[in-house]
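In the working numbering, the protein residues as written are 91 to 184.
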């Protein structure tokens with residue numbers, strides 16, 4: 091193989107390695123964002139579980155009403171969080 095062909099081969103290989111490194115970095119960034127979303131959702135879930143326990147311990151005489159209110163609050167929260175999950179990854183850090 092002549093020197094020019096080797097040079098082209100080396101450049102192509104280097105470009106391919108660079109592309110793979112960028113793909114890896116982007117995948118890692120997406121993973122970090124997904125982990126952050128999961129942490130946020132888990133914290134909110136814990137907060138709701140605590141609130142539910144507090145309401146149950148309070149012993150509301152109208153348990154059906156309290157449950158309905160909690161379900162409405164959970165639906166409202168779901169409605170607020172779902173758009174966050176569907177955002178492109180770049181928008182979450184801005």
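A virtual CB, placed ideally from N, CA and C, is assigned to each residue, including glycine.
Item, Value
"Three-state class that DSSP yields for residue 92 in the structure shown", "coil"
"Distance between residue 108 and residue 116 (C-alpha atoms, nearest Å)", "12 Å"
"Local conformation of residue 173 per DSSP, three classes", "helix"
"Which of helix, strand or coil DSSP assigns to residue 108", "helix"
"Proximity of residue 135 and residue 160 at Cβ, strictly below 7 Å", "no"
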